[in-house]
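Inspection log for the structure reproduced underneath, given as C-alpha cells.
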Amino acid sequence: MIKRFKPACQGIVVGLIMASAGLMAPASAAPLNETAGASVMDSSGANLSIEVHKGTLVRLARPAEEIFIANPEIADVQVKSARVVYIFGKAQGETSFYAIDKDDHTIYSANVQVTRNLGALRGALERMLPTSTVTATMVGQLVVLEGNVAAPDEAAMAERLAKSVLATDQVMNNIAVLQPTQVNLRVRIAEVSRSIVKQLGMNWESFLSSGSFGFGLANGRDVSNIIKDPVTDLPLEVFGRPESGSTLFGDITTGKLDLNYAIDALDQQGFLTVLAEPNLTALTGQSANFLAGGEFPIPVPSRDGIAIEYREFGVKLDFTPTVLNSGRISMHVRPEVSDLSSAGAIRVEGISIPSISTRRAETTVELGSGQSFAIAGLLQNDVVQDADKIPGLGDIPILGALFRSESFRRDETELLIVVTPYVVRPVSDRQLVLPTDRYVAPSDMDRFLKGRQWVPQPPNQAANKDKQTGASLKKRAGFQLD
605 MIKRFKPACQ GIVVGLIMAS AGLMAPASAA PLNETAGASV MDSSGANLSI EVHKGTLVRL
665 ARPAEEIFIA NPEIADVQVK SARVVYIFGK AQGETSFYAI DKDDHTIYSA NVQVTRNLGA
725 LRGALERMLP TSTVTATMVG QLVVLEGNVA APDEAAMAER LAKSVLATDQ VMNNIAVLQP
785 TQVNLRVRIA EVSRSIVKQL GMNWESFLSS GSFGFGLANG RDVSNIIKDP VTDLPLEVFG
845 RPESGSTLFG DITTGKLDLN YAIDALDQQG FLTVLAEPNL TALTGQSANF LAGGEFPIPV
905 PSRDGIAIEY REFGVKLDFT PTVLNSGRIS MHVRPEVSDL SSAGAIRVEG ISIPSISTRR
965 AETTVELGSG QSFAIAGLLQ NDVVQDADKI PGLGDIPILG ALFRSESFRR DETELLIVVT
1025 PYVVRPVSDR QLVLPTDRYV APSDMDRFLK GRQWVPQPPN QAANKDKQTG ASLKKRAGFQ
1085 LD
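Adding 604 to a residue's 1-based position in the sequence shown gives its number in my numbering.
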C-alpha cells in the first residue's frame, strides 16, 4: 500500500502547508517534539537506517509537492515544512520513501530500513565494558558486535548482554581480543589398585584295600603323585599345586590304608600404581585434547559384509580454558581413563569383541594459575569368595573343614585426578636454558672406567656457549603463578 501526503491546495505557500500539518499527518504519527533527538540527513542519501521508535530529519533540495511511503506499518512521516520531512520507525522491516515536486520530478528517494533499537544495548556496553571499544550494528535481522577487548571474558560478556537486552539469539560476535592468553594444563591421573587373595584348603586321597577288594576316596586336586629325591628321600614337587602359596603334604601308610594329604594355604597382597601426567597448552577460549593409549578394531556389519571400526581407549583428556578479566582461569575439563575388559565381551560370527571399562569425569571449575584441585576420586571394591566341598561331608560342623576348600579375593581400585592450570607466556628460544645444555657426551675412559653417562661441561665453555647462543633467563617465562 502507498500512503500519500498532499497539501490541501496546489501551490499554497509554506505557511499554509505548516498550518494544515494536522491534515497531512496520520493519527498515529509521533509528535514533533520527538525530532529534538533525531539526526538530520542530507537529501543526497539513498539509504536510511532507522531504529524502532526513533527517527531522522530529511532536508530536501527543493519544496516537495507529494510524499509517498510504501508501508506505513514499518515507517511513517511527518511534514515539518515543504523542504523538511521527519521519517520515524514503527516496526522492524524495510520500505521505500519518495518525495516529488510539482512537476512530478523525484526530489528524494530512499530505501528505509527499520532495525532494532540498539540504544539500550549501547548503554549497557558502555557501563559494563568501559575500557573496551565494542559497537553494535544491525545487518538485516542480525546483530553484529565489533571492536576490541582486552580479555576473552569481555567478549563473552558483550555477547551475553546483546542476547539478554535484545531478547534474541541472532547475535554475531566479531570482537577481537588484543592479547590472547595461553593456558597450560597439567593433569595427574593416579590409579591405585590393591588386591588381597587368601586361600585355605584340605586336599587328600585315601585308599583302603583288603585282599582283592579296594576302596578309595579323594577330595580336591591330585596329591597321590609325589616325587621324592633319590638321595634325601624327601618330596620334591606335588603335581597340580597352585602357582603360588604354601602347601603342606604327607603320606601315611598303615596296614591296608594309604592316605595322601595336602594342605594349601595362600595369603597374597598386591599393590599397583599407574600414573599419567598429560600436559596440554591451548589458547584461551579454544579446546585441546590428549590421548595416550590406542585403538582396537570392532567388526561392524555392512552391505559388503563386515567393516572394521576403531574405538579409542587409554588416558584421554579434553579441556577448554578461558582466562577471566581478574586473571583467574575458568576451565571445562573432561578426563577419561579406559581399558579393554573381558567382562561383558561378546562374540559376533566367531569373533570375540572385548568391552571397554571406562571411568570418566566432566566438570567446569574456576581457579588461579598454579592452583590445583582434585576433580574425581573413584573407589571400586570387588569381592569374590569361592568354596569347594564334598557334598554332605563338607557340611559337618568342625570336621567339615577337612572336606572343603575356600578362596577369597578382594580387589580395590581408586582413581584420583588432580588438575593444575598455568597461564603461560611464550618467549624466544634464545632466552631459555635446557637441563642438558651444560652437559657433554662422555669419553670412552669416562664411560668404561668411571661409569659416567654425562660429563658436566666446564664453566668457561658453558659461559662461552651461553654468550654465543644468548641462552639466559633474563625474562619471566613458563608458568605464571599467583
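Glycine included, every Cβ here is placed at the ideal spot set by N, Cα and C.
Cα-Cα, which of the options is closest to residue i?
i, options, result
"E750", "A703, A762 and D757", "A762"
"L887", "M935, S961, I673 and S736", "M935"
"L782", "L770, V969 and V753", "V753"
"D708", "E670, I950, T735 and K658", "E670"
"L722", "Q745, Y702, V1044 and A703", "Q745"
"F900", "G909, P882, Q890 and L944", "L944"
"I779", "R764, V787 and T772", "R764"
"A728", "T741, A949 and A766", "A766"
"R663", "F672, Q1057 and A703", "A703"
"G974", "K658, V787, P939 and D999", "V787"
"A760", "V1031, G996 and G889", "G889"
Residues in the same chain with beta-carbon distance under 8 Å from residue i, minus the five sequence neighbours each way, listed in chain order, please.
i, result
"R666", "R687, D705 and I711"
"I678", "G693, K694, A695, Q696, G697, E698, T699, V716 and V718"
"A650", "S713, A714 and N715"
"I902", "I912, E913, Y914, R915 and I957"
"A631", "Summary for A631: the model assigns pLDDT 33, below 50, so the residue's position carries little reliability; its value from the coordinates is reported in the next sentence. Result list for A631: empty, nothing under 8 Å."
Tell me which residues share the same chain as residue i and place their Cβ nearer than 6 Å to its Cβ, disregarding the 5 neighbours each side in the sequence.
i, result
"L733", "E758"
"L789", "L884, F923 and P1025"
"V904", "A911 and E913"
"G948", "S959"
"F1052", "none"
"L1087", "No answer is possible for residue 1087: the residues shown for the chain start at 605 and end at 1086."
Cβ atoms of residue j and residue i: under 9 Å apart, would you say?
i, j, result
"A880", "R964", "no"
"P756", "V927", "yes"
"L725", "V769", "yes"
"A991", "L1020", "no"
"V1022", "S976", "yes"
"R907", "I960", "no"
"V689", "A668", "yes"
"V937", "V969", "yes"
"V738", "M776", "no"
"D1015", "N985", "yes"
"R1013", "V988", "yes"
"I691", "T660", "yes"
"R731", "T772", "no"
So, for residue i: in the same chain, excluding its five sequence neighbours on each side, which residues have a beta-carbon less than 7 Å away from its beta-carbon?
i, result
"D1048", "none"
"T962", "E940 and S942"
"K1054", "none"
"T967", "V937 and I979"
"Q774", "Q745, L746 and V747"
"P882", "V791, F894, A896, V919 and L921"
Can you tell me whether residue i is buried or exposed? The criterion is at least 16 other CB atoms within 10 Å of its CB, across all chains shown.
i, result
"T785", "buried"
"S736", "buried"
"L652", "buried"
"V743", "exposed"
"G909", "exposed"
"I925", "Looking at the sequence provided, one finds Pro at residue 925 rather than Ile. Buried, because 16 or more other Cβ atoms sit within 10 Å of the Cβ of P925."
"S891", "exposed"
"R951", "exposed"
"P939", "buried"
"F701", "buried"
"D999", "exposed"
"S946", "exposed"
"T836", "Bear in mind that the predicted position of T836 carries a pLDDT of just 48, short of 50, making it unreliable; the figure below should be weighed with that in mind. With fewer than 16 other Cβ atoms within 10 Å, it is exposed."
Compare the C-beta of residue i against all C-beta atoms of chain E and say whether one is closer than 9 Å.
i, result
"S713", "Although the question refers to chain E, the structure presented lacks it and comprises just one protein chain."
Taking three-plus beta-carbon pairs below 8 Å as touching, is the segment 921 to 935 in contact with the segment 953 to 960?
-> Flag = no, the segment 921 to 935 and the segment 953 to 960 do not touch.
Can we say the segment 911 to 923 touches the segment 889 to 901, given the rule of at least three CB pairs closer than 8 Å?
-> Contact between the segment 911 to 923 and the segment 889 to 901 is present: 3 or more CB-CB pairs across the two stretches fall below 8 Å.
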